[in-house]
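What follows is a set of notes on a single structure, which appears directly below.
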Amino acid sequence: MKCRRCKAPAVIDIRRHNAAFCRGCFLHHCREQVRRAIDEYEMFGPEARVLVAVSGGKDSLALWDLLRSLGYEADGLYLGLGIGEYSDESGRYVRDFAESRGLKLYEVDLRADHGYDIPTAAQATRRAPCGACGLSKRHLFNSTAIDHGYDVVATGHNLDDEAAVLLGNVLRWETGYLGRQFPVLPAAPGFARKVKPLVRLGEREMAAYCVLNGIDYQVEECPMAAGNKHIGFKEVLNGLEERSPGAKAAFLFGFFGRGHDRFATEEDEVELADCPSCGAPTTTGGLCAFCSLRARAGGIATGEHTAAVELRAGR
Amino acid sequence: MRILLRNPRRELEIPGPMSVVKLLARLELNPESVLVIQGDTLVTRDARLADSDVIEIRPVISGGAA
Chain A
0 MKCRRCKAPA VIDIRRHNAA FCRGCFLHHC REQVRRAIDE YEMFGPEARV
50 LVAVSGGKDS LALWDLLRSL GYEADGLYLG LGIGEYSDES GRYVRDFAES
100 RGLKLYEVDL RADHGYDIPT AAQATRRAPC GACGLSKRHL FNSTAIDHGY
150 DVVATGHNLD DEAAVLLGNV LRWETGYLGR QFPVLPAAPG FARKVKPLVR
200 LGEREMAAYC VLNGIDYQVE ECPMAAGNKH IGFKEVLNGL EERSPGAKAA
250 FLFGFFGRGH DRFATEEDEV ELADCPSCGA PTTTGGLCAF CSLRARAGGI
300 ATGEHTAAVE LRAGR
Chain B
0 MRILLRNPRR ELEIPGPMSV VKLLARLELN PESVLVIQGD TLVTRDARLA
50 DSDVIEIRPV ISGGAA
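Protein chains in written order, with numbering that gives the first Met the number 0: chain A, 0 to 314; chain B, 0 to 65.
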């Protein structure tokens, strides 16, 4: 195969674009897709301070690299989940990436800073570990961005992630979730703006970006995510994509363009109160979902006030 | 060919030459779900692999919807 742009030998083919690229043109393609996503969905301006949620995996490290290469002021936030050797290794990938490029990295450790970890939270709450993990991440990414004055939180959700979430939401007709599924979630009192700049790139492209750019990332899958529904949805969608290239992108961008608005109007105005423990906005009238999880997992007693998130800033 | 597979990590010997697309079909892998890596670069699905090649097949699907 030849590169579509320069006719040099190609290193990757992307069937949904009916194209193949050499290394240099592929990296250009990735930057262009991120730039287009940021512009098309008006994610943030050139002067924005961006906090990138980094896990040590391919998507978040590629996102951090792409935003810096496009000239944005982007710092990283790593959350230590306490999942044994898996978490130790993921932290090393993130620190090595930040140190080698002289980037600023914040770290929050669930066990050291909040008194619990994901395995104990899953056990204590009898929830799937991915639920406790997602709840912890959403809360701490948001509170860190607000505490440190970032304009926006950027996450490494890619086209495949979003298409799989959409499939799950459609299969159960989760109309509230469908109304909120979009590449941008606007800021609101107590909530930072959240964006997904990789939404135009598939996860095969993100892995390729890291390999071709010499970015070491954690290839091994989280041991607690093995066999989850989200991975099953991705496998189904990849089966469709192999038979019908472009199916995933058509499904997702068709929804963003022609379906999302129909569900967004279903969202009701809800009254928010401050969580008595951490001060975050909550609909419950009592502890927010994060503090409730933390209390059940042994991190704090219900109603106890805690100090603000302690951060250990890198360079 | 020596083939390194991940998740879990293991190695296979498969006689070459063979195209990438045929190798993936033989291993029952969806080309959309993996990268085929040779050294520090990638190979496309039409590439022909020699019997002496060392290849890594790396999965790209990651979990967690959060």
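By construction, the Cβ of each residue, glycine as well, lies at the ideal position given by its N, Cα and C atoms.
If you check the CB distance, G75 of chain A and D108 of chain A do not come in under 8 Å.
For the 8 Å CB-CB criterion, L28 of chain B and I56 of chain B form a contact. Within chain A, no C-beta atom comes nearer than 9 Å to that of S18 of chain B; the closest sits roughly 12 Å away. The contact set of D45 of chain B on chain A, defined by CB atoms closer than 7 Å, consists of M0 in chain order.
With fewer than three CB-CB distances shorter than 8 Å, the stretch 161-177 of chain A does not count as touching the stretch 52-69 of chain A. For the C-beta of G238 of chain A, the chain B residues within less than 8 Å are, from N- to C-terminus, N29. With respect to the 8 Å criterion, S18 of chain B and D45 of chain B are classified as neighbours on the basis of their beta carbons.
Look at F20 of chain A here: in three-state DSSP terms it is strand.
Looking at A:K228, A:L65, A:G81, the one whose alpha-carbon comes closest to that of N168 of chain A is A:K228. Its Cα nearest to that of C129 of chain A, the residue A:I230 stands out among A:I230, A:Q180, A:Y176. Taken in chain order, the complete beta strand (DSSP E) segments of 3 residues or longer contained in the stretch 38-62 of chain B are 53-58. About 17 Å separates the beta carbons of A18 of chain A and L34 of chain B, which is beyond the 8 Å limit, so they are not a contact pair.
Linking R295 of chain A to A9 of chain A through their CA atoms gives a straight-line distance of about 53 Å. Beta-bridge partners assigned by DSSP to A187 of chain A: A:F190. Interface annotation, I11 of chain A: in contact with chain B, CB-CB separation under 8 Å. For L158 of chain A, same chain residues with a beta-carbon under 7 Å away, outside a window of 5 residues either side, are V198, R199, L200, G201, K247, A248, L251 in chain order. A Cβ-Cβ distance of about 30 Å is found for the pair D38 of chain A and D215 of chain A, leaving them out of contact under the 8 Å criterion. Non-local beta-carbon contacts of R14 of chain A in its own chain, meaning distances under 6 Å to residues more than five positions away in sequence, involve P244 in chain order. Using a Cβ distance threshold of 8 Å, R192 of chain A and D160 of chain A do not count as a contacting pair. Collapsing the DSSP output to three states places A272 of chain A in a strand. R47 of chain B and L41 of chain B have their alpha carbons spaced roughly 12 Å apart.
For D112 of chain A, there is no enclosing beta strand (DSSP E); the residue is found in the alpha helix (DSSP H) stretching over 109-113.
In the structure shown, K1 of chain A adopts extended strand secondary structure according to DSSP, grouped into three states. Per the DSSP secondary-structure output, S18 of chain B pairs in a beta bridge with B:R47.
For H229 of chain A, a Cβ of chain B is located within less than 8 Å of the residue's own Cβ. Where V51 of chain A is concerned, the enclosing beta strand (DSSP E) starts and stops at 48-53. A contact between stretches requires three or more CB pairs, one per stretch, nearer than 8 Å, and the stretch 119-139 of chain A fails this requirement with the stretch 169-188 of chain A.
Look at the beta carbons and you see the stretch 26-41 of chain A touching the stretch 181-190 of chain A: at least three pairs across the two are nearer than 8 Å. Annotated three-state conformation of G90 of chain A is helix, per DSSP. Buried is the label assigned to P196 of chain A, since at least 16 other Cβ atoms lie within 10 Å of its Cβ. For I36 of chain B, the secondary structure class from DSSP, reduced to helix, strand or coil, is strand. M223 of chain A and C2 of chain A have their C-alpha atoms some 39 Å from each other.
Bounds of the beta strand (DSSP E) holding Y77 of chain A are 72-79. Using beta-carbon distances, R57 of chain B counts as an interface residue toward chain A, with a partner under 8 Å. When 9 Å is used as the limit between beta carbons, K233 of chain A is near these residues of chain B: S32, I60, S61, G62, in chain order. With a threshold of 8 Å between beta carbons, I2 of chain B makes no contact with chain A.
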